[in-house]
Every structure is written in structure tokens, then in C-alpha cells.
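One structure is given below, encoded as C-alpha cells.
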Amino acid sequence: MSLRIRLFALCFLFTVPLAAFTHEQTLLEYADQCVREIGEIPPFNCNDGTDIPITVDGKPPGPNASPTRCDKPSLLSPTSEAKGQCIPFSKILNLSRGSTQISAYCRRDVLRPDKDPLYDLVVVVMHHSGNGKTCWFASKPPPSQSQADVPASSGFVATRVPPPNERRPPSGRPSAVEFWATPARVAASTAGNPTCLKCHDAGPFIFSPYIGQVWDRVPTDPWGKYSSIGQAFASYHLMTMSTPGNTCIGCHRIGSEQSCTAFLGLSAGNLKAPGNDRLANSYPLNHWMPTDNAMSTAQWDKANIASVNALLACCKDPAHKDPNCTFTPMPSSSNIRSLH
Numbered sequence: 014m015s016l017r018i019r020l021f022a023l024c025f026l027f028t029v030p031l032a033a034f035t036h037e038q039t040l041l042e043y044a045d046q047c048v049r050e051i052g053e054i055p056p057f058n059c060n061d062g063t064d065i066p067i068t069v070d071g072k073p074p075g076p077n078a079s080p081t082r083c084d085k086p087s088l089l090s091p092t093s094e095a096k097g098q099c100i101p102f103s104k105i106l107n108l109s110r111g112s113t114q115i116s117a118y119c120r121r122d123v124l125r126p127d128k129d130p131l132y133d134l135v136v137v138v139m140h141h142s143g144n145g146k147t148c149w150f151a152s153k154p155p156p157s158q159s160q161a162d163v164p165a166s167s168g169f170v171a172t173r174v175p176p177p178n179e180r181r182p183p184s185g186r187p188s189a190v191e192f193w194a195t196p197a198r199v200a201a202s203t204a205g206n207p208t209c210l211k212c213h214d215a216g217p218f219i220f221s222p223y224i225g226q227v228w229d230r231v232p233t234d235p236w237g238k239y240s241s242i243g244q245a246f247a248s249y250h251l252m253t254m255s256t257p258g259n260t261c262i263g264c265h266r267i268g269s270e271q272s273c274t275a276f277l278g279l280s281a282g283n284l285k286a287p288g289n290d291r292l293a294n295s296y297p298l299n300h301w302m303p304t305d306n307a308m309s310t311a312q313w314d315k316a317n318i319a320s321v322n323a324l325l326a327c328c329k330d331p332a333h334k335d336p337n338c339t340f341t342p343m344p345s346s347s348n349i350r351s352l353h
């Protein structure tokens with residue numbers, strides 16, 4: 014081989030991205046990493062979860078009602094209409110033990126009886142309150158979302174959700190690779206929906222009026238370390254925002270992703286959530302921070318409006334030039350630096 018050819022080959026080697034020589038992390042590889050660094054997810058039955066209440070103008074819907082508007086709609090899609098945002102009998106489970114915090118959300122997009130075995134989505138957030146490491150799991154779409162000839166109400170059985178690292182399920186039960194989507198798919202955004210980390214931009218567990226109804230069933234770690242592990246999530250580098258004397262950061266961090274795009278406006282009455290009914294668009298339900306809000310509108314504005322506006326101004330400062338805005342990388346280690 015001539016010197017010229019050898020030099021060309023060497024140059025080509027160094028210009029090809031490293032990703033070209035690595036394979037995409039599989040579900041089982043990702044799940045094994047999560048087990049090693051955070052803990053085990055046990056098998057669970059979605060029907061063992063706690064119902065997330067649905068009300069319309071303060072009252073539960075009728076037994077055969079499938080409302081599209083309600084007092085506290087799901088904000089899984091915080092900026093656009095979504096199927097199932099007001100459907101009853103979605104459930105939440107807290108599978109935590111010790112420092113391993115696990116929240117499982119079993120969603121209904123179609124009206125079914127309370128203990129029906131069929132669901133349309135299962136999502137699990139697993140977080141270690143000590144090292145801050147976090148993993149994300151979501152079920153594959155039910156057949157109706159990928160096959161046009163399957164009825165829209167088919168769903169999938171979720172009475173035994175397999176651990177994501179399970180190789181050999183019990184007879185007749187789905188395996189992990191049959192049930193769970195790949196980490197690459199979970200990390201990717203879908204039409205109208207931001208990625209997990211874009212919404213969970215300040216911590217692993219996010220409050221909304223919908224999930225706040227069962228907040229005692231959700232593990233929380235508002236000030237702890239927080240980082241997502243796994244190849245598919247490696248490109249995310251979250252930042253938090255603050256301004257001098259800001260009342261909004263007294264209970265939790267404020268992120269700079271969907272907190273800017275949606276949640277600051279939604280929680281302060283500046284935006285209307287998709288799925289809101291008349292009551293949801295009225296005070297105090299449209300001002301859901303602080304969570305124990307018992308103030309009048311005038312009292313709320315006096316206590317919080319300046320802080321909200323200051324943070325919204327920081328949202329419009331992507332170059333981080335405003336001296337009143339402090340952007341801090343998410344604390345995932347002991348080394349934390351701030352950008353002004």
C-alpha cells in the first residue's frame with residue numbers, strides 16, 4: 014500500500030463520527046445499566062394503582078362519558094390536544110424502595126371499566142435520590158396506533174408489566190422487548206409532544222394539577238442531583254434558571270426547556286392547558302403554583318407576578334446576557350457552575 018493511500022485511510026478514520034463504530038443501545042442493555050446504577054423495577058399490575066380523578070365542573074363524569082375537557086387534564090402533551098387527556102381510570106403506582114424512586118403511570122386513552130386489564134400507555138420514571146441518576150421507560154404503542162385494521166380501543170394487557178431487564182417472562186406473558194420501546198424511541202420527540210427531558214427539565218418528577226391529585230403517591234426529589242443515563246439521553250444538558258429574590262424557586266428548581274415554553278405560563282394563568290374546561294380556565298385552578306394556593310387573585314399577583322415575569326424574561330435570553338438571569342447546569346455532581 015502506498016504512503017498516499019495509507020495517509021488517506023488514516024485521515025478517513027479520524028473524520029468518521031465515533032457513533033459510526035458503535036451500535037444503538039438496546040432495551041436490555043439500557044435496562045441492565047439502569048439496574049446496576051439505580052436499582053430493579055419489579056413486575057407490577059397497573060390495576061393495583063391509584064385512580065387519578067377526573068372531574069368536569071367539579072363533578073365526576075357519568076359512567077359512560079368520555080370527556081375531552083375537564084377540570085384537571087393530563088399534561089402529558091402540555092401544548093397540544095391529546096387523546097385521553099380527560100379519560101377516567103388512568104392510574105399511578107409508587108414502586109419506590111430505599112433510595113430507588115420509581116413512579117409508574119398507566120394511562121387510558123379509551124374509556125374502559127376501572128379494573129379492565131387493557132391500557133394504552135405505561136410510563137416508568139426511575140431515579141436514585143443519592144446519585145441522581147435517572148432512567149425512562151415507555152411501553153410500545155398499542156397495535157391500534159400502528160395497524161390500521163385494528164380497532165381503536167384494542168389497547169394492551171397491563172396486569173403484569175415486565176421488568177425492563179427481564180429475559181424470560183412467565184408463560185403467556187409479554188417479554189420486556191415485546192412490551193417496552195427502545196431507549197432511542199423514548200428519547201425521541203413525537204409529533205406534538207416534547208421528549209421526556211424537555212418536560213422534566215427541573216427534576217425527574219413533575220407536578221401538574223392532574224398528577225397533583227395523587228401527589229402523595231409520587232416520589233419527589235426537588236433539590237437532589239439529577240442526570241439521565243444511557244446512550245440515547247447523553248446529548249441532553251439541562252439548565253436551571255433563577256433571578257434575585259425569586260419566589261418561584263423557593264420550593265423547587267425552574268428548568269429552561271418546557272418550563273419556558275409551557276409550564277410557567279400554565280401555572281400562572283398566562284396559558285390555557287389543552288383539555289381545560291371552564292372551571293380549569295378560572296382562578297384559582299388556572300394558578301396552580303404554589304400548590305396550596307389559598308390567595309385571592311390580587312394577593313397572588315402581588316406575591317408572584319414579578320417573579321414569573323422575571324423568569325419569562327430569562328426564557329427570552331438564550332445567550333445568557335441578562336445580568337439578572339442565572340443559568341446553572343443541573344446538579345449531577347459536586348461541581349456546579351453558574352452562567353450570568
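Its first residue numbered 14, the sequence shown is counted upward by one per residue in the numbering used here.
A virtual CB, placed ideally from N, CA and C, is assigned to each residue, including glycine.
Keep in mind the model is a prediction, meaning the values are calculated, not measured.
Report all residues from its chain with a CB closer than 7 Å to the CB of Arg173; omit the five preceding and five following residues, and keep chain order. Pro56, Asn58, Arg186
If Ala189 and Leu41 are in contact, beta carbons under 8 Å, what's the gap, nearest whole angstrom? 7 Å
Below 6 Å CB to CB, which residues in the same chain sit around Met343 once its five sequence neighbours on both sides are set aside? Tyr239, Leu251
Per-residue DSSP class, three states only, for Leu106: strand
For Gly225, does the three-state DSSP call read helix, strand or coil? helix
Where do the ends of the beta strand (DSSP E) carrying Ser255 lie? 252 to 255
With DSSP as the reference, identify every bridge partner of Thr304, one or two as the case may be. Bridge partners of Thr304: none, in fact.
Closest to Arg82 by CA distance: which of Arg291, Phe169, Ser309, Pro130 is it? Arg291
Starting from the Cα of Pro73, find the closest Cα among Ile100, Gly263, Leu324 and give me that residue. Ile100
Would Leu134 and Ile54 qualify as a contact pair, given that the criterion is a beta-carbon distance under 8 Å? no
Using CA coordinates, which residue listed in Asn337, Pro297, Pro287, Phe102 is at the minimum distance from Leu132? Note on residue identity: the sequence assigns Tyr, not Leu, to residue 132. Per the Cα distances, Phe102.
Between Cys148, Val69, Gly97, Gly75, which has its C-alpha nearest His5's C-alpha? This structure cannot speak to residue 5, because the chain is shown only from 14 to 353.
Report the residue from Leu124, Val136, Gly111 whose alpha carbon sits nearest the alpha carbon of Ala117. Val136
Would His36 be called buried (16 or more neighbouring beta carbons within 10 Å of its own) or exposed? exposed
Between the alpha carbons of Pro182 and Pro196, how many angstroms are there, rounded? 20 Å
Using the rule of at least 16 other Cβ atoms within 10 Å of the residue's Cβ for burial, across every protein chain shown, is Asn259 buried or exposed? buried
Going by DSSP, what residues sit across from Cys119 in a beta bridge? Lys104, Val135
Environment of Glu270 [buried if 16+ CB atoms lie within 10 Å]: buried
Where does the unbroken beta strand (DSSP E) through Ala151 begin, and where does it stop? 146 to 151
Identity of the residue in Ala78, His265, Leu106 nearest Val231 by Cα: Leu106
Report back the beta-carbon spacing between His333 and Asp234 to the nearest angstrom; my notes put them in contact at under 8 Å. At roughly 26 Å, the Cβ-Cβ gap does not stay under 8 Å, so His333 and Asp234 are not in contact.
So what does DSSP say about Pro342, is it helix, strand or coil? strand
List the DSSP bridge partners of Ser405. This structure cannot settle anything about residue 405, because the visible part of the chain is limited to 14 through 353.
Can you tell me whether Phe218 is helix, strand or coil according to DSSP? coil
Excluding sequence positions up to five away, which residues of its chain have a Cβ less than 7 Å from the Cβ of Lys128? Asn60
For Gly71, the first and last residue of its enclosing alpha helix (DSSP H): That residue, Gly71, is in no alpha helix (DSSP H); it is neither H nor E in DSSP.
Taking the C-alpha atoms as reference points, what is the distance between Ala151 and Asn306? 33 Å
CA nearest to the CA of Leu13, picked from Val321, Asn317, Ser255, Pro287: The shown model of the chain, from 14 to 353, leaves out residue 13, and the question about it has no answer.
The alpha helix (DSSP H) spanning Ala323 covers which residue range? 319 to 328
Excluding sequence positions up to five away, which residues of its chain have a Cβ less than 8 Å from the Cβ of Leu16? Because Leu16 sits at a pLDDT of 44, beneath the cut-off of 50, its placement in the model cannot be relied upon, and the following sentence gives the value as read from the coordinates. For Leu16, where only same-chain residues beyond five positions count, there are no Cβ hits under 8 Å.
Neighbour flag for Val48 against chain C, beta carbons, 8 Å: Absent from the structure is chain C; it holds one protein chain and no more.
What's the gap between the Cα of Gly278 and the Cα of Leu284? 5 Å
Output the distance between the C-alpha atoms of Ser95 and Thr274, rounded to the nearest integer angstrom. The displayed chain sequence assigns Ala, not Ser, to residue 95. Going by the C-alpha atoms only, they are around 17 Å apart.
Compare the Cα-Cα distances from Cys47 to each of Ser90, Ser142, Asn178 and report the closest residue. Asn178
Looking at the unbroken alpha helix (DSSP H) that takes in Thr172, where does it start and where does it end? First-last for Thr172: undefined, no H or E at that position.
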